[in-house]
Structure formats: structure tokens, C-alpha cells
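Sequence order for the protein chains is X and Z. For the first sequence, counting from 1, position 61 maps to 60 in numbering that gives the first Met the number 0; every step adds exactly one. For the second sequence, counting from 1, position 114 maps to 113 in numbering that gives the first Met the number 0; every step adds exactly one. Just so you know, even glycine gets a beta-carbon here, dropped at the ideal spot from N, CA and C. Remarks on the structure that follows.
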Amino acid sequence: MRATAAHGSPGGRVLSLASVTTFALEGVSSHEVTVEVDVRRGLSAFTLVGLPDRAVRESRERVRAALLNSGLDFPQKRITVNLAPAHVRKEGPSFDLAIAVGVLAASEQVPSEGLTGSPLCGELSLTGEVRRVRGVLAAAVGARGCGYRRLLVPEANAHEAALVGELEVHAIPSLARLADLLHGRWKPERAAARDPVPTDVSEAPDLSDVRGQEDAKRALEIAAAGGHNLLMIGPPGAGKTMLARRLPGLLPPPSLEEALEITQMHSAAGIGDGRLATQRPFRAPHHTVSAQGLVGGGNRPMPGEITLAHRGVLFLDELPEFGRAAVDALRQPLEDGHVTIMRGQRTLDFPANAMVFAACNRCPCARPPDGCSCTASELGRYLRRLSGPLLDRIDLVCQVEQTAALVLVGAGEGGGRSEAACERVNAARGHQRNRLRETSALCNGDMDGRLTRLHVPLKPSLAGQMLAARQRLDLSGRGYDRVLRVARTIADLAGRDELGPSDLDEALSYRLDGLDLLAA
Amino acid sequence: MVGSDPRRAVGAAGERLARAHLEARGLTVLDTNFRTRHGELDIVAADERCLVFCEVKTRVGSRAELGPFAAIGPRKQRRLRLLAREWLAEHGAATPWRPELRFDALGIELDECGRLLRMDHLEGAF
């Protein structure tokens, strides 16, 4: 109507405006972007403004072809597309669908009323199909946060977005179907989340597979119970890696909120199949990983391994072989539970609350002690690579010895099963949840200094013990707090409300080990 | 005056129609077919407020999917601006001053007998 009326008007300018909402992935979360499309009479032109990157600028070609191949019209007019807020850099192809729909609405091929209140995202193929995009879960969480009730996403991602329960998610197979939807000719079903992958308990590695190593298993259990960082030092083949693989099985399954967080991180990084995570992640980056790979970053900031291990375990095998820069970059996330990355005009925050399980050999040649040919200086150099500040952030240091031959060849079970340990861990975590229920911390390992002093009060006799230990071990303030947290976890495992001297002794023994070794 | 080249004849017919259209809209045609080594300005016209450089594109039949305007791409637009500068350098002093300057595009479709099927006039096309 409007288009024909203005056609012969003296001004000769037909203008029509549409605005569509979409959500853009930024880091691992998303923010709202308004796509404004203005179509007016003039020589055919397509201008895209609002800091688009290359992939966004290329969307013009995809939008044009997709519209024409869907039996819709790409107007031969002057089209201006603005992506607001204009100061934020726009990346990736997920704006395609919003731009195409904006063009359709501005050229009055679809009614624009259907667009208010339902954000959409998706990449277009030249045929007009809607392709899957990265980070749909983050978009869904963002849409919920902004108060939207409905979200239109690619069919391939719909079950992922549907994990956010309060949102009515519709799966869009193609641009033509979306036009049908806006015309009211098609009423799509509300998309449902896929059932989580069932966890096969019998397949999971069990603690009883590891023979001997009772001390190490105890340390592992404490680490799992309190969410503490752990370093195991021992000869190759002693079972360090085996123990590490069994750590996720000891941890309690993630709560729904935690599972959503885990899935959101993986969705933003483009891994996983869009089902809700039922297991905590276990990430074992190779020791050649760069600092950026470990903590995230890059020109287009991507989450690093520690963010992918969020709410799970980051396993650093051969810790001294890791680059100095990479290991040092871990300091801040280990302390704060998140990574802050600054790139030009923006600051990104990646959650990075993972347990760190590190393993290393006693010496660079990695032969048993009697066959070791390392010189003292080689040994010193190797151990100095375990940067002091990082070691200070590790709560438990545990030495692993070669298992005696008799234990290895012995028949039968190799000791306690994961199930039993898991029960003890769960009970201990229960005590912690109770104690920390009004704070943001989930376990003892999450407590900051203030919470530690509040929840781990020391009787005068214990305070004396700690004072002596502090002088003997030359504990830093941070190390002191960490000892208290580990002691708290040990008491939780034993079901004691009050800290005993033995808890403190055991906690201190896991520091002693580390410092002995460095002094040697 | 029909030339031997049928394409040129179509162009000339279109430009005549365009000129008639502009004059009917109250513009005065100042110059036609202004030629330099860079190319040609089809029509230079003016009213009291505006100096108008017109590019006329004529097609026979409506077979061309994109219409006549598809031929006016960014490179052509640059060349037309250059030609406008050259025209002003040559005739600017002799032309009464107008506050605005505009580039228009006229797309004309003719049938095989040279009858007008459709005319699109984009004011301020670029």
C-alpha cells in the first residue's frame, strides 16, 4: 500500500523501515543487537553499517541469494542495514537471518508485527536453508535475561536453545518457512530439549582399576570433596594419569545450573552436540598449548581450556613442560575463578572455575631414582619451572611412588571402588553446601579469604599449631588460607563439625611434600 | 535522424523521451550529449533550485531481469561525477548559480516498435 502510494509522489522516495532483534555471541555470553533495515527508492545498493566484520559483510551475498532462491524478492532499491549498538564489533554469520527478515519486513513482503518480541538468529545458506550457529545457548540465556518469551533459531540448534526452560523456542528450517510463520500460515511446534546423554556407569573408569597408591587416592578424594587443586609428583607409569582420569567420576554430578553453564561454555566454543551436559568436563590440553589456548583470547576472543573445564577438571600432565607464559597465565583464574580478557575496546569475562590437576615427574629423565642420570643443575632447572606462585595456588601436593610388584600382579580388586569414594565425597559436599548456602561458593575450594576465616575458626591450641607450621614452612598468607580450607575438607570427609589437630596435620602434610621437594 | 546502429537509435529515442519528461516536470534542459574523452553526460537540466545531471538507460523489452538501472554501477557513478566536474569547469561560469546539485537516473523500457512501456525516474539516485 505504502509503496504504491508513494510511487508517483513528487518526492519519489519510498521509505520503509524494519527492526529485528538478534543476539550476538560475545565470548561465552551474548548481548542484544538490533538490526535496522531501511529500504528506499534509489539505485540498487546494499550498505551495512555498525562495525561489521568480514563474515557479517559477506552476509549481503548470502541474504540476496537466499531470498531469491526462496521465491522471495530482493528489492532493487537502496538498502541500508544498521547493526545497533554501533560501537560493538559484530562478528560471524549469525546475523544473516535477522538481516534477511529485516529486508523482507522493510520491503513489506512479510508483516512486521510478528517480529516484535521474538528475537532470531541463524546463518543462511544460498538455498535459503537456515544453518546452525555457534553459541545458541548463550543467545537463549541472553534472551531470557532481556525478558523475551520467544526465540527463533536454526532447526539444528533448537534443542540446545530449548534447554532454557522459560523460553518458547521455535526451530526454523528455512527462510521460506520463516516467511510462512510471519504470515501466520505455519504454526511451528515448540522445540523440546533433547534428553541428556545417559551416563553409563559401568563404562566410566573406576578407582579400583588403579592398584596400590592408597595415599594418592586419599589425596584425590580430598581434592574431589573440596574442589581443591592437586599436584602429583612421581615416576612415569606410577598411575598419575590413570588417577586423573578417575577424578571426574568422583565429583558429584553437576546441578542443573552448573550443567547449563558447562553446556553454554561448550556451545560458545562450538563443541558438544547441544545436549545438556550430565558430566563435568575433563580437559587435558597438551603441554605445547599457548597461554591464549589455556586461558582464552585471540583476536576474536575464544574461551580457553580453563573455561572449557569450567565446573570440571583441567588436567595438566607434565606440568614443567608447559610454557612459562601459559602456566603463569593460569594464576589469575585459579585465584578468582574467572578470566578477564581485554581486547581493544571491550572487556570479556570468561568463567573459569575449574579444579586443576597437575602431574609431573621427579626429574627430566623420568627414570627410577636408582637409574637417574640427571645432574643437580638439571634437576633444579626442571623443578624451578614449576613456577612458585602457581605452586602456591595448589592446595595438595602428593608424591606418588612406583607400585610394588607384588601389589601389581596380585589378583582381585585393586582397592576401594569409585562408588564408595563418591559417596564420601557427596556427603562431604553436603556438609559444605549447608555451611556455604548463603554465599556464592559451592565448596571449600571456592571460599575466599573472608569466608575461610569465617567458616574455619581455629581453637587456641590449633592456632598455635598453625603458627608453628607457618614459621617452619614459610607459608604465604594465601598458602595459610589454603591449608585451612583443605583441613576443613578433611574434617568434612570425616563428618566432624569441628577441626581437629589431625585434620590440620594432614592438610599441612600435603604442603610439606611440595616444599621438601623444592628444597632438595 | 535515425543512425545506422540500431542500439544508438534506441538510446537516442530514450533520451528524447527522457527530455520530454524532464521538460514536462518543469526543468530546463541546458545541455545534451556532453562528450569528453571520459564518456558522455546524457542530459544536463536545471530548475530554480537544482542543477541535475541525468543518466538515461534505455532497454527494448523487459527481458533484462534487473531492469535498466543494473547498468549504473559504482564505476559508472564515479565516471558520471567526473563528467559533471568537467561540465561545470566548461559551462559553470555561464550557468546561473543554483544551491543544489543532483544526479538522476532514468530507466526507460520500450517495446519493439519504439513505444514507451515504462519509465522510472530516480531523483538523487546516487
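Q. Under the three-state reduction of DSSP, which class applies to residue 86 (chain X): helix, strand or coil?
A. coil
Q | Straight-line gap, residue 32 (chain Z) to residue 18 (chain Z) (C-alpha atoms, nearest Å) | A | Taking the CA atoms as reference points, residue 32 (chain Z) sits about 12 Å from residue 18 (chain Z).
Q. Are the CB atoms of residue 123 (chain Z) and residue 97 (chain Z) nearer to each other than 8 Å?
A. Between residue 123 (chain Z) and residue 97 (chain Z), the CB-CB gap reaches or exceeds 8 Å.
Q: Find the residues of chain Z that neighbour residue 40 (chain X), judging by a C-beta separation of less than 7 Å, and give them in chain order.
A: 121
Q.
If I measure Cβ to Cβ from residue 320 (chain X) and keep anything under 6 Å in the same chain, skipping five residues before and after, which residues do I get?
A. 286
Q: Verify whether the separation of the beta carbon atoms of residue 59 (chain Z) and residue 42 (chain Z) is less than 8 Å.
A: No, Cβ-Cβ distance for residue 59 (chain Z) and residue 42 (chain Z) is not below 8 Å.
Q: Tell me, please, which residues DSSP counts as bridged to residue 393 (chain X).
A: None; residue 393 (chain X) has no bridge partner.
Q. How far does the alpha helix (DSSP H) with residue 256 (chain X) in it reach, from first residue to last?
A. 255-268
Q. Using 8 Å as the limit for Cβ to Cβ distance, is residue 13 (chain Z) near chain X?
A. no
Q: State the start and end residues of the unbroken beta strand (DSSP E) segment that holds residue 43 (chain Z).
A: 38-45 is the span of the beta strand (DSSP E), which, as asked, contains residue 43 (chain Z).
Q. Mapping DSSP to helix, strand and coil, what is residue 107 (chain Z)?
A. strand
Q | Where residue 106 (chain X) meets chain Z, residues with beta-carbon distance less than 9 Å | A | Those do not exist, as residue 106 (chain X) stays about 16 Å from chain Z at its closest Cβ, beyond 9 Å.
Q) Taking a cut of 9 Å between CB atoms, which residues from the stretch 17-46 of chain X lie near chain Z? A) 40, 41, 42, 43 and 44
Q.
At a CB distance below 7 Å, what residues from the stretch 71-95 of chain Z approach chain X? Give them in sequence order.
A. 71
Q) So with Cβ pairs under 8 Å, would you call residue 38 (chain Z) a contact of chain X? A) no
Q. Hey, is the stretch 159-171 of chain X in contact with the stretch 296-304 of chain X, meaning 3+ C-beta pairs nearer than 8 Å?
A. no
Q: Tell me whether residue 507 (chain X) is buried or exposed, calling it buried when 16 or more other Cβ atoms sit within 10 Å of its Cβ.
A: buried
Q | Beta-carbon neighbours of residue 124 (chain Z), restricted to chain X and to distances below 8 Å | A | 41 and 42
Q. Just how far apart, CA to CA, sit residue 115 (chain Z) and residue 21 (chain Z)?
A. Across the structure, residue 115 (chain Z) and residue 21 (chain Z) are spaced so that their CA atoms are roughly 15 Å apart.
Q: With DSSP as the reference, label residue 296 (chain X) as helix, strand or coil.
A: strand
Q. Measuring CB to CB, does residue 442 (chain X) end up less than 8 Å from residue 225 (chain X)?
A. Their beta carbons are under 8 Å apart, which means residue 442 (chain X) touches residue 225 (chain X) by this criterion.
Q: Whole angstroms is fine: what's the gap from residue 87 (chain X)'s alpha carbon to residue 21 (chain X)'s?
A: 14 Å
Q: Would you mind working out which of X:136, X:141, X:172 and X:382 sits nearest residue 161 (chain X), comparing C-alpha positions?
A: X:136
Q) Where does residue 375 (chain X) fall in DSSP's three states? A) helix
**Q.** Supposed contact pair residue 333 (chain X) and residue 355 (chain X) - C-beta distance, whole angstroms, cut 8 Å
**A.** 6 Å
Q.
Closer than 8 Å is the cut-off here; do at least three beta carbon pairs connect the stretch 244-253 of chain X with the stretch 210-229 of chain X?
A. yes
(Q) So for residue 71 (chain Z), helix, strand or coil by DSSP? (A) Coil.
(Q) By the DSSP assignment, the beta strand (DSSP E) with residue 451 (chain X) in it spans what residues? (A) Premise fails: residue 451 (chain X) lies in the alpha helix (DSSP H), 448-454, not in any beta strand (DSSP E).
Q.
Any beta carbon of chain Z sitting closer than 8 Å to that of residue 8 (chain X)?
A. Only weak support exists for where residue 8 (chain X) lies, its pLDDT of 37 falling under 50; the coordinates are left without a value.
Q. What residue from X:255, X:119, X:395 and X:373 has the CA that sits closest to residue 180 (chain X)'s CA?
A. Sorting X:255, X:119, X:395 and X:373 by C-alpha distance to the C-alpha of residue 180 (chain X) places X:119 at the top.
Q: Write down the C-beta distance between residue 144 (chain X) and residue 132 (chain X) rounded to the nearest angstrom, noting that I regard them as a contact closer than 8 Å.
A: About 19 Å; that fails the 8 Å criterion.
Q: Given a cut-off of 8 Å, decide if residue 228 (chain X) and residue 392 (chain X) are closer than it, judged by their beta-carbon atoms.
A: yes
Q: Measure from the alpha carbon of residue 100 (chain X) to the alpha carbon of each residue in X:49, X:208, X:38 and X:155, then state which is nearest.
A: Minimum Cα-Cα distance from residue 100 (chain X) among the listed residues X:49, X:208, X:38 and X:155 corresponds to X:38.
Q. Got a sec: is the Cβ-Cβ distance from residue 17 (chain Z) to anything in chain X below 8 Å?
A. no
Q. Excluding five sequence neighbours on each side, which residues of the same chain lie with their C-beta closer than 7 Å to the C-beta of residue 159 (chain X)?
A. 135, 136, 266 and 273
Q | chain X within 8 Å of residue 66 (chain Z), Cβ atoms only | A | yes
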